[in-house]
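Chemist: Residue numbers (our numbering): 71 to 361.
Pasting a structure here, questions to come.
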Amino acid sequence: MKSLLEGAVQENYAVGAFNVANMEMILGAVRAAEETNSPIILQIAQVRLPYSPLDIIGPMMIAAAKKATVPIAVHFDHGKDSSVIMQALKLGFTSVMIDASHLPIEENIEIVHKVKAMADEYGASIEAEVGQIGGSEGGTEDNGMFYSNPLEVKRLYDSTKVDAIALSIGNAHGLYKMEPKLKFDLLTETTRLVEVPLVLHGGTGICDEDFKHSIALGIRKINIATANFLAVEEEARKYCSGEKRDYFKLSSEMEAGMYQNVVKHIRVFGSSGKAGSRATDEKLEMACHNA
Ligand code: 13P
Numbered sequence: 071m072k073s074l075l076e077g078a079v080q081e082n083y084a085v086g087a088f089n090v091a092n093m094e095m096i097l098g099a100v101r102a103a104e105e106t107n108s109p110i111i112l113q114i115a116q117v118r119l120p121y122s123p124l125d126i127i128g129p130m131m132i133a134a135a136k137k138a139t140v141p142i143a144v145h146f147d148h149g150k151d152s153s154v155i156m157q158a159l160k161l162g163f164t165s166v167m168i169d170a171s172h173l174p175i176e177e178n179i180e181i182v183h184k185v186k187a188m189a190d191e192y193g194a195s196i197e198a199e200v201g202q203i204g205g206s207e208g209g210t211e212d213n214g215m216f217y218s219n220p221l222e223v224k225r226l227y228d229s230t231k232v233d234a235i236a237l238s239i240g241n242a243h244g245l246y247k248m249e250p251k252l253k254f255d256l257l258t259e260t261t262r263l264v265e266v267p268l269v270l271h272g273g274t275g276i277c278d279e280d281f282k283h284s285i286a287l288g289i290r291k292i293n294i295a296t297a298n299f300l301a302v303e304e305e306a307r308k309y310c311s312g313e314k315r316d317y318f319k320l321s322s323e324m325e326a327g328m329y330q331n332v333v334k335h336i337r338v339f340g341s342s343g344k345a346g347s348r349a350t351d352e353k354l355e356m357a358c359h360n361a
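This is the structure:
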């Protein structure tokens with residue numbers, strides 16, 4: 071993930087981090103990345119594991135990323151327990167998030183240090199969170215939203231040197247009850263103080279203009295979950311409301327729903343065409359092999 075975000079910093083775009091829950095979603099996201107020649111991040115949040123067990127979906131995500139012709143990072147989103155984060159690292163996830171944002175900053179920093187030491191052992195990148203993003207990934211809890219304090223972001227970064235920091239600037243997980251109003255001044259102040267790739271969670275429901283403005287001000291990773299689930303469910307619903315019954319057609323429609331949603335976001339995030347040389351090298355290798 072670190073190297074994907076470095077590319078985004080250099081060329082001023084954001085890498086889409088798309089939450090997945092099954093094989094169709096993985097395949098749709100990878101196809102979208104390959105067709106737009108874009109790097110992406112495939113991720114799953116700890117709270118989703120009762121539906122998609124880590125030891126089953128993790129290897130599937132990793133296999134899809136390895137096989138892809140574009141660079142794809144595999145990220146463990148909103149890690150809460152170090153034992154589960156360790157499981158993700160052992161499986162081969164390329165980055166993990168430790169979400170200790172509900173704790174006072176000193177405790178948050180302490181936990182980040184511990185998880186970073188674990189991630190370092192596996193050569194994996196790490197994302198932390200400062201301030202508290204509204205809602206929760208699984209929609210099961212809402213401890214309220216607390217805006218990130220730029221000085222605390224700096225403190226955490228200076229102490230831990232993590233690879234990415236998630237901010238709370240008016241963004242929230244799930245569907246927004248009211249139109250989100252992002253605090254761009256907070257983002258500007260943070261990028262003035264700290265040179266670390268910043269992450270915008272709660273991408274579903276944020277308008278294209280706000281995405282672009284956030285990217286211009288230093289957001290380098292944008293998380294999209296609810297919009298993926300809705301897009302896949304919508305295609306399944308449409309197919310099932312018809313006369314024909316074919317499980318495999320249903321599966322293709324679900325894959326297509328994810329594909330379309332990922333392509334749409336890649337275009338807004340400015341990452342299309344940024345997959346760099348891996349795609350070109352592999353195409354060349356394939357061409358040589360075929361020849
Ligand atoms: P949304 O569900 O609002 O897109 O948020 C995704 C997210 O931030 C995952 O960590």
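Built from N, CA and C at the ideal position, the CB exists for glycine as well.
All values derive from a computational prediction rather than experimental measurement.
#1: To the nearest angstrom, how far is it from the Cα of S341 to the Cα of K150?
#2: Just to confirm the assignment, what range does the alpha helix (DSSP H) spanning E303 have?
#3: What would DSSP say about M167, mapped onto helix, strand or coil?
#4: Quick one: give me the first and last residue of the alpha helix (DSSP H) that V100 is part of.
#5: Rounded to a whole number of angstroms, what is the C-alpha to C-alpha distance between L287 and L263?
#6: Report the rounded CA-to-CA distance for G244 versus A295, giving the unit in angstroms.
#7: Spatial neighbours of A301 within its chain, please: C-beta separation below 7 angstroms, excluding the five flanking residues on both sides.
#8: What residues are listed by DSSP as bridge partners for K291?
#9: Is H183 near the ligand 13P, in the sense that its beta carbon is under 7 angstroms from a heavy atom of that ligand?
#10: Report yes or no: do three or more beta-carbon pairs, one from the segment 238-254 and one from the segment 264-281, lie closer than 8 angstroms?
#11: Going along the chain, which residues put their C-beta within less than 6 angstroms of some heavy atom in the ligand 13P?
#12: Taking the alpha-carbon of E222 as reference, which of I179, K251, T106 and S195 has the nearest alpha-carbon?
#13: Using the three-state DSSP reduction, which class does I276 fall into: helix, strand or coil?
#14: What did DSSP end up calling S195 once you bin it into helix, strand or coil?
#15: Report yes if the CB atom of A170 is closer than 8 angstroms to the CB atom of V182, and no otherwise.
#16: Under 8 angstroms between the Cβ atoms of V90 and I114?
#17: Write down every uninterrupted run of the alpha helix (DSSP H) in the segment 110-157 whose length is 4 residues or greater and which is fully enclosed by it, in chain order.
#18: Suppose you measure from the CA of I139 to the CA of A103; what does that come to, to the nearest Å?
#19: Starting from A326, trace the alpha helix (DSSP H) both ways and give me its first and last residue.
#20: Might you give, ordered along the chain, the residues of its own chain that have their beta carbon closer than 7 angstroms to the beta carbon of K72, omitting 5 neighbours on each side?
#21: Could you give the residue range of the beta strand (DSSP E) that holds L237?
Modeler: Taking the coordinates as given:
#1: Cα-Cα distance, rounded: 29 angstroms.
#2: The continuous alpha helix (DSSP H) containing E303 extends over residues T296 to C310.
#3: Of the three classes helix, strand and coil, the one that applies to M167 here is strand, per DSSP.
#4: Counting along the chain, the alpha helix (DSSP H) containing V100 begins and ends at M93 to T106.
#5: Each residue's CA atom was taken as its position, placing L287 and L263 some 13 angstroms apart.
#6: So the two alpha carbons sit approximately 8 angstroms from each other.
#7: Counting only residues of its own chain and dropping the five nearest sequence neighbours on each side, A301 has a CB closer than 7 angstroms to the CB of G327, M328, Q330 and N331.
#8: According to DSSP, residue pairing for K291 in a beta bridge involves V85 and V269.
#9: No, the ligand 13P has no heavy atom inside 7 angstroms of this Cβ.
#10: Contact annotation: the segment 238-254 touches the segment 264-281, with at least three C-beta pairs closer than 8 angstroms.
#11: Selection output, chain order preserved: N89, A115, D147, H148, E207, H243, G244, H271, G272, G273, T274, N293, I294, A295, T296 and A297.
#12: Comparing Cα-Cα distances from E222 to each of I179, K251, T106 and S195, the minimum goes to I179.
#13: Shown here, I276 sits in coil according to DSSP, grouped into three states, outside any helix or strand.
#14: S195: strand per DSSP, three-state reduction.
#15: Contact: yes.
#16: Contact flag set, yes.
#17: The segment 110-157 contains these whole alpha helix (DSSP H) runs: 124-137.
#18: Here residue 139 turns out to be Thr, not Ile, going by the sequence shown. Going from the Cα of T139 to the Cα of A103 covers about 9 angstroms.
#19: Per DSSP, A326 belongs to the alpha helix (DSSP H) from Y317 to F339.
#20: Contacts found: S195 and D233.
#21: Start and end: A234 to L237.
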